[in-house]
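Encoded as structure tokens, the structure appears first; notes follow it.
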Amino acid sequence: MWNQKDESAIDRFIALDAAGNDPKFGVGRESFREQWKKWHAAFPDLHFDVREIIAEGDRVVTRWHLTGTHTGAEYLGKEASGAKIAVDGVSIDTIKDGVVLDGFDAWDSLGFREQLGIIKPL
């Protein structure tokens, strides 16, 4: 859904009441869709590279690497600057009948903000 820019996949793979650990994402499929649109509007070349997947029972752990260029819409109060981003993260999702019920994402949000120029490197 992310790399293919397939918004309709959200309806197929995200539960109506899906929840995550990031309060900015909100709760539910429509909140997920809103954030998905913001990311794609700000980073038209957004790309997730899956580095590793581990599945057991109803849990799936995905280690990923995200890249993109901020050439689109404003993001986190920062106008497009052409900044290139590259961040790593891990997602842990609960899946039932092929649909994501909830997820936990841990990623380098500090490095992301540094790369965008929102904060100065430490």
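Take the sequence shown: its letters are residues 1 to 122, numbered as in my numbering. Each residue gets a CB set at the ideal place from its N, CA and C atoms; glycine is no exception.
Item	Value
W39 vs R51 beta-carbon contact at 9 angstroms	no
Euclidean distance between Cα positions of T71 and K78	11 angstroms
Other residues of its chain near D93: CB distance less than 6 angstroms, five sequence neighbours each side excluded	V60, V100, G103
Short Cβ contact (9 angstroms threshold) for R126 with G89	Within the shown structure, residues of the chain are numbered from 1 to 122, placing residue 126 beyond reach of any answer.
heavy atom of the ligand SAM below 8 angstroms from A106 C-beta	With respect to the ligand SAM, the structure shown offers nothing to examine, as it has no ligands at all.
Reference N21; option with closest CA among G82, A83, I119, S91	S91
Alpha-carbon to alpha-carbon, S81 and V27	30 angstroms
Beta-carbon gap between I85 and L110 smaller than 9 angstroms	no
Option nearest Q4 by Cα separation, candidates F25, A15, A73, W36	W36
Rounded distance between the beta-carbons of A83 and G57, thought under 8 angstroms	About 39 angstroms separates the two Cβ atoms, so there is no contact after all.
Strand pairing of G133, partner residues [DSSP]	Residue 133 lies beyond the stretch modelled for the chain, which goes from 1 to 122, so this question has no answer here.
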